[in-house]
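Under the working numbering, the sequence shown has 36 at position 9, and the numbering climbs by one with no breaks.
Cβ atoms here follow ideal geometry from the backbone N, Cα and C, with glycine treated the same way.
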Amino acid sequence: MTNVGITFCPMDFRAYIVRDPKTCGGEPVVRGTRVTVRTVLASLAEGATVDQILADFPTLTAEAVRAIIAFAATSAQEDIPVPALPRAG
């Protein structure tokens, strides 16, 4: 994928993100933890840095946080229609 002369190489989040009906009600979690994707995304949306998230959730790695972001980006691209933006001016 290319955008403004920058090449993006999407991360394979499948090694990090899993769903199991027995864990957190089937919500996507980081493999080997009970940390949900939703929890980490909410922390990022509130302005937390990766370092702050890693301090709050010591079972995570920086790569796992990047995998969560990649998972969210892929989910948004595939599932959510993009609403029309208002015109400037």
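Three-state secondary structure (DSSP) of residue i
{"i": "residue 60", "result": "coil"}
{"i": "residue 96", "result": "helix"}
Sequence-distant residues of its chain with Cβ nearer than 7 Å to residue i (five each side left out)
{"i": "residue 74", "result": "none"}
Beta-carbon proximity check, residue i vs residue j, cutoff 8 Å
{"i": "residue 82", "j": "residue 57", "result": "no"}
{"i": "residue 80", "j": "residue 64", "result": "no"}
Beta-carbon contacts of residue i that lie in its chain and below 8 Å, excluding the five residues immediately before and after
{"i": "residue 86", "result": "57, 59, 60 and 62"}
Min CB distance residue i to chain D below 8 Å
{"i": "residue 55", "result": "The chain inventory of the structure shown lacks chain D, comprising one protein chain alone."}
Examine the Cβ distances between the segment 87-99 and the segment 38-52 and report whether three or more of them are shorter than 8 Å.
yes
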